[in-house]
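Chemist: From first to last, the protein sequence lines are chains W, L and D. In this text, residue positions in the first sequence follow my numbering: the first is 45, and each later residue adds one. In this text, residue positions in the second sequence follow my numbering: the first is 52, and each later residue adds one. In this text, residue positions in the third sequence follow my numbering: the first is 61, and each later residue adds one.
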Amino acid sequence: MRTQEITVNLGPQHPSTHGVFRLVIHLDGEVATGGTSVLGYLHRGLEKLAESRTYPQFIPYTDRLDYLASMSNNLAYVQTVEKLMGIEVPERAEYLRVIFAELQRIASHMVGVGTFVMDLGAVTAVFYPFIHREKILDLFSMTCGGRLTYNYMRIGGLSHDIPEEFLPKLQEFLDYMRTALEEYHQLVTGNEIFLARTKGVGVITKEMAMSYGLSGPNVRASGVCYDVRKAHPYGIYDRFNFNVPVFESGDTFDRYMVRMIEMEESVKIIRQAIKDLPEGPVLGKVPKLIKPPAGEVYHSIENPKGELGFYIVSDGSPKPYRLHIRRPSFVNLGVLEEIIKGWKVADVIAILASLDIVLGEVDG
Amino acid sequence: MSVLDNLFVKIAALVRTTLTGLGLGDIWVNLAMVILYLAGILGVMITAALVLVLVERKIAGFIQLRPGPNRVGPWGSLQTVADTIKLLTKEDIIPACADRKVFMLAPVLVLVPTILAFAVIPFGKGMIATDVNIGIFYLIAVSSLATIPFLMAGWSSNNKYSLLGGMRAVAQMVSYEVPMVFSLLGVVMIVGSLQMSAIVEAQSKVWFVLLQPVAFLIYVIAATAECNRAPFDIPEGESELVAGVFTEYTGMKWALFFLAEYANLVLVSAIATTMFLGGWHGPVLPGWFWFFIKTSIMIFFFMWMRWTFPRVRVDHLMHFGWKFLVPLSLANIFITGIGVYLYKTIGW
Amino acid sequence: MYGSGVVKGLALTLKKFFSKKITEQYPEERPFIDHRWRGSLQLDKDACICCNMCVNACPNGVITLESGKDENNKRFLTRYEVNFERCLVCGLCVEACPKQCLKFTREYELATYFRDDVKLGLYHNPKLSAPSSTYAQKTEQKKEG
Ligand code: SF4
Ligand code: SF4
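#1: Cβ closer than 8 Å: which chain W residues qualify as neighbours of residue 358/L?
#2: Have a look at residue 273/W and residue 128/W and give me their C-alpha separation to the nearest angstrom.
#3: Could you spell out the range, first to last residue, of the beta strand (DSSP E) harbouring residue 225/L?
#4: I believe residue 136/W touches residue 322/W by the beta-carbon criterion, under 8 Å. Please report the beta-carbon distance rounded to the nearest angstrom.
#5: Taking residue 72/D and residue 231/W to be in contact with their CB atoms under 8 Å, please state how far apart those CB atoms are, rounded to whole angstroms.
#6: So which residues on chain D does residue 364/L lean against when the C-beta distance must stay under 9 Å?
#7: State the Cα-Cα distance for the pair residue 231/L and residue 179/W, rounded to the nearest angstrom.
#8: Rounded to the nearest angstrom, what separates residue 317/W and residue 216/W at their Cα positions?
#9: Report the three-state DSSP secondary structure of residue 276/W (helix, strand or coil).
#10: Enumerated in chain order, which unbroken segments of the alpha helix (DSSP H) with a length of 4 residues or greater are wholly contained in the stretch 235-297 of chain L?
#11: Starting from the N-terminal side, write out each stretch of the alpha helix (DSSP H) that is 4 residues or longer and does not extend beyond the stretch 357-391 of chain L.
#12: Could you tell me whether the stretch 180-197 of chain W touches the stretch 307-315 of chain W, using the rule of 3 or more Cβ pairs below 8 Å?
#13: With distances taken Cα to Cα, identify the nearest neighbour of residue 269/L among 260/L, 234/L, 361/L and 384/L.
#14: Alpha carbon to alpha carbon, how far is residue 267/W from residue 320/W? Give it in angstroms, no decimals.
#15: To the nearest angstrom, how far is it from the Cα of residue 101/D to the Cα of residue 141/D?
#16: Is it buried or exposed for residue 82/L, if we count other Cβ within 10 angstroms and need 16 for buried?
#17: Using 9 Å as the limit for Cβ to Cβ distance, is residue 94/D near chain W?
#18: Considering only the beta carbon of each residue, do residue 262/L and residue 186/L sit closer than 9 Å?
#19: According to DSSP, simplified to helix, strand and coil, what is residue 65/D?
#20: For residue 149/W, count the other beta carbons within 10 Å of its own beta carbon; 16 or more makes it buried, fewer makes it exposed. Which is it?
#21: Is it buried or exposed for residue 401/W, if we count other Cβ within 10 angstroms and need 16 for buried?
#22: Less than 9 Å between CB atoms is the rule here; does residue 332/L satisfy it with respect to chain W?
#23: Given 8 Å as the limit, is there contact between the stretch 276-290 of chain W and the stretch 371-390 of chain W, that is, 3 or more CB pairs closer than that?
#24: Straight-line CA distance for residue 62/W to residue 179/D?
#25: Given 8 Å as the limit, is there contact between the stretch 160-178 of chain D and the stretch 91-111 of chain D, that is, 3 or more CB pairs closer than that?
#26: Taking C-beta pairs closer than 8 Å, name the residues in chain D that residue 189/W reaches, listed in chain order.
#27: Under the rule that 16 or more other beta-carbon atoms within 10 Å means buried, what is residue 308/L, buried or exposed?
#28: Over the uninterrupted beta strand (DSSP E) stretch that includes residue 308/L, give me the two end residues.
#29: Under three-state DSSP, which class holds residue 205/W?
#30: Counting contacts by CB-CB distance shorter than 9 Å, is residue 130/L in contact with chain D?
#31: The beta strand (DSSP E) spanning residue 72/W covers which residue range?
#32: Please tell me whether residue 193/W and residue 85/W are closer than 9 Å, where the distance is taken between their beta carbons.
#33: Can you find a C-beta in chain W that's less than 9 Å from the C-beta of residue 73/D?
#34: As a quick check of your reading: which residues have a C-beta less than 7 Å from at least one non-hydrogen atom of ligand 1, in chain order?
#35: Label residue 85/D either buried or exposed according to how many other C-beta atoms from any shown protein chain fall within 10 Å of its C-beta, with 16 as the threshold for buried.
#36: Check the DSSP bridge columns for residue 197/W and list the partner residues they point to.
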């Protein structure tokens, strides 16, 4: 029986659009026949702002990109400038950067996984990850004084060394993570309702994933083994021994699982980094006025959401001539319109959540 | 002991004799008693809803490692009162394009089937408003009416989310009615009567949950779906449909839906207690207290489920209902039939 | 077995139901504020040499500094204001200060009733320009008390 299609405006005010995202969705009964995403509600023009800020002054702005992974954004930006200027970073700072970036990955995945399960209707499953994330935020605020926007990395190193009580606390947290993840698997992963809701839903095929340029957990769930940490090791990532989880089917369940396993791998990396952590300064020799030579540079890192890249054109002045950010959430979101076709409203929400977007990053 | 046990029955008898003593005719006395019962049931229902809102939030909090509401009154006990006052004083908005009459009628009607159904629940020995001999039949007939207000609300709101929610509610409640009825049939077959008091009486030795475990399980699942609670809360489906059928309701109208939800919860728990958990039977404590305890345990179980599971998708829900629960409940009836037959012919 | 996952989940939530609650009962219970906390700003106005480093470091240009010269040609402050509305609380100004006279306090309850109160007059407001870190002490006391 043919019935009239209805158009529903999902968002910008909707409980599960992860911010101010709008999806105009066409429904045939419960089934989505197509949709258009409307972006830009959180656009602040960060790329343009960068042109009127000096290089160090832009660091706090990167915090506001993917605000669930400020550390990683900081890292990507400062490494890009360092690459442009050829600045050496002290060993200790490199190790600490790895520790913080991986902690940030855990924190970000906690929110990603939690909100995903919450969008499937399990409200309790969002509270536990937030409790775990809180412990990471405590570690961060003890080091740099911020809980969301850290502004911790500096061109040439870090702003502070870690306080004394940091390492014991971190060790405690890593041990705690094991039970935390186990509990979460117990609550969510084995649940039959959860499996029925996620297995086979919103499949991104390998070809689709590559042609849309996806990155991060989303592409690894589709059978593409692409992790910037392995593919183009930056910093000192080549010194660590860790696995990159890759799943084959590319459905929402796999995207969830990739994130869960990545958290375990991050714990492994942090353990290795603590073991080798050298003494020394955390800020290298940096000129007082940062004035990179004229030229351009692109550098990307594996941010929790995917490949975060900065492209900087310098004209030799203390301010970037042009700065462009390859924002993984934005690129990952592109595939949404294609994969929601034919799924129920409830699945559309689940698929959107499984892509794990942050609107601060999507809209820039 | 027996004084306590028959406390409410005695009170009712006392009122009746006083009324007769006043020289009123039989009809008037009966009418007065019916109004009294209704008032009693309404009182129980509204208090239960008020308490349960708080309890639900406390349970949700405890499960999520929070203390729950704890600011208004000791232990947060006045929180619901404060919320009710807030809801009462809120502006009552009716959307411009809504079908006004239907829109306003829906929240009122949603309470009616539940109140009607309470008439045949035996809260304790002799504590039943009307012990009709087709109690279960009446119950099923009345509670299936509950679907209509949801459809009315969803349709009249003239909102796409509400419409989807309303349609879902109808599909869900109609499909889960079937396994629910079938699961109750097993009990009826063993007892051989549709009368509520007879069913409770038959459980004086052994509870039917032991004789009919499968039926009990089916009943619990179907009942969760019947009162639209998570994991079957798809008509509301917060993360998909914002608030489903309730999206356009504000203030007291919304509160009525809320009230109905909790009244329904009490109802299905009370039915479970009556049909499977031995009703008011129990040692030492008065019967109505046992009934209260058992019902509370059932309610806790429903809440506990709600705060653990993700939501079921609408088509899975249908498949599960029609392809799994209905055949299973039919098989259960079949096996029960054989059992009853064997029991009657062979005598064990 | 099918259904075991559901039961496991129920077991976990029941366990959590009985375990210790972790909510911080703010405001009766004060959160622990780390020593490096970036809260409100505070200036030691006598130590300030009016070098303008903080002004130049600020990405949003929210610091307004006015100074005069005394008879020894030494600069002294006449006005120092931080428009906290637009402050990123990034700490670049604090890091830039050569005299360490600009500091973060551990004050975090920064909501105000009036818009003008958001602006921090670090020079004129004696509370914010005290040399010793009164705010830090206040938070300490609150925590102990
Ligand atoms: S904290 Fe940052 S934004 Fe605020 S005044 Fe200092 S430099 Fe400017
Ligand atoms: S940087 Fe320090 S000394 Fe210089 S003007 Fe600012 S507060 Fe004063």
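Quick reminder that beta carbons are idealized off the backbone N, C-alpha and C, glycines included.
Modeler: On the basis of the supplied data:
#1: Here residue 358/L is taken as the residue at index 307 of the second sequence, counted from 1. Under the 8 Å cutoff, chain W gives 167 and 168.
#2: As a position in the first sequence, residue 273/W is number 229, starting the count at 1. As a position in the first sequence, residue 128/W is number 84, starting the count at 1. About 20 Å.
#3: Stepping through the second sequence from its first residue, residue 225/L is reached at position 174. Unbroken run through residue 225/L is the alpha helix (DSSP H), 211-242; no beta strand (DSSP E).
#4: Here the question's residue 136/W lines up with position 92 in the first sequence. Here the question's residue 322/W lines up with position 278 in the first sequence. Correct: roughly 5 Å between the Cβ atoms.
#5: Start at 1 with the first residue of the third sequence, and residue 72/D comes out as number 12. Start at 1 with the first residue of the first sequence, and residue 231/W comes out as number 187. About 5 Å; that satisfies the 8 Å criterion.
#6: Start at 1 with the first residue of the second sequence, and residue 364/L comes out as number 313. Residues of chain D passing the Cβ test: none, with the nearest at roughly 16 Å.
#7: In the second sequence, residue 231/L corresponds to position 180, counting from 1. In the first sequence, residue 179/W corresponds to position 135, counting from 1. If you take the alpha carbons of residue 231/L and residue 179/W, they lie about 46 Å apart.
#8: The residue labelled residue 317/W in the question sits at position 273 within the first sequence. The residue labelled residue 216/W in the question sits at position 172 within the first sequence. Between residue 317/W and residue 216/W, the C-alpha separation is close to 15 Å.
#9: Taking the first sequence and counting its residues from 1, one reaches residue 276/W at position 232. In the structure shown, residue 276/W sits in coil (DSSP, three-state: anything other than H, G, I, E or B).
#10: 247-253, 259-262, 264-277 and 289-292
#11: 365-370
#12: no
#13: As a working note, residue 269/L is residue 218 in the second sequence. The candidate whose alpha carbon is nearest that of residue 269/L is 234/L.
#14: Looking up residue 320/W in the first sequence gives position 276. Looking up residue 267/W in the first sequence gives position 223. Approximately 33 Å, taken between the alpha carbons.
#15: Within the third sequence, the letter at position 41 stands for residue 101/D. Within the third sequence, the letter at position 81 stands for residue 141/D. When rounded, the distance between both Cα atoms is 10 Å.
#16: Translated into positions along the second sequence, residue 82/L becomes position 31. With fewer than 16 other Cβ atoms within 10 Å, it is exposed.
#17: Here residue 94/D corresponds to residue number 34 of the third sequence, with the count starting at 1. For residue 94/D, the answer is yes, since a Cβ of chain W falls inside 9 Å of its Cβ.
#18: Against the second sequence, residue 262/L aligns to sequence position 211. Against the second sequence, residue 186/L aligns to sequence position 135. In this structure, residue 186/L does not lie closer than 9 Å to residue 262/L by Cβ.
#19: Mapped onto the third sequence, residue 65/D falls at position 5. Reduced to three states, the DSSP call for residue 65/D is helix.
#20: Residue numbering aside, residue 149/W sits at position 105 when the first sequence is read from its first letter. Residue 149/W should be labelled buried.
#21: Mapped onto the first sequence, residue 401/W falls at position 357. When all chains shown are included, residue 401/W counts as buried.
#22: Indexing the second sequence from 1 puts residue 332/L at position 281. Not an interface residue.
#23: no
#24: Counting from 1 along the first sequence, the entry for residue 62/W is found at position 18. Counting from 1 along the third sequence, the entry for residue 179/D is found at position 119. Answer to the nearest angstrom: the Cα atoms are 32 Å apart.
#25: yes
#26: Residue numbering aside, residue 189/W sits at position 145 when the first sequence is read from its first letter. Ordered by position in chain D, the residues that pass the 8 Å Cβ test against residue 189/W are 94, 96, 97, 98, 151 and 164.
#27: Against the second sequence, residue 308/L aligns to sequence position 257. Residue 308/L should be labelled buried.
#28: Stepping through the second sequence from its first residue, residue 308/L is reached at position 257. Where residue 308/L is concerned, there is no enclosing beta strand (DSSP E), although the alpha helix (DSSP H) it sits in stretches over 302-327.
#29: Stepping through the first sequence from its first residue, residue 205/W is reached at position 161. The answer is coil: DSSP assigns residue 205/W none of H, G, I, E or B.
#30: Looking up residue 130/L in the second sequence gives position 79. No - not a single Cβ of chain D is within 9 Å of the one on residue 130/L.
#31: The residue you call residue 72/W lines up with position 28 of the first sequence. Note, residue 72/W: beta strand (DSSP E), 66-72.
#32: For the purposes of this step, residue 193/W is taken as residue 149 along the first sequence, with counting starting at 1. For the purposes of this step, residue 85/W is taken as residue 41 along the first sequence, with counting starting at 1. Contact flag unset, no.
#33: Your numbering for residue 73/D matches position 13 in the third sequence. For residue 73/D, the answer is yes, since a Cβ of chain W falls inside 9 Å of its Cβ.
#34: 104/W, 101/D, 114/D, 117/D, 118/D, 119/D, 120/D, 122/D, 123/D, 142/D, 147/D, 148/D, 149/D, 150/D, 151/D, 152/D, 153/D and 154/D
#35: Numbered from 1 along the third sequence, position 25 holds the residue referred to as residue 85/D. Exposed.
#36: Indexing the first sequence from 1 puts residue 197/W at position 153. 202/W.
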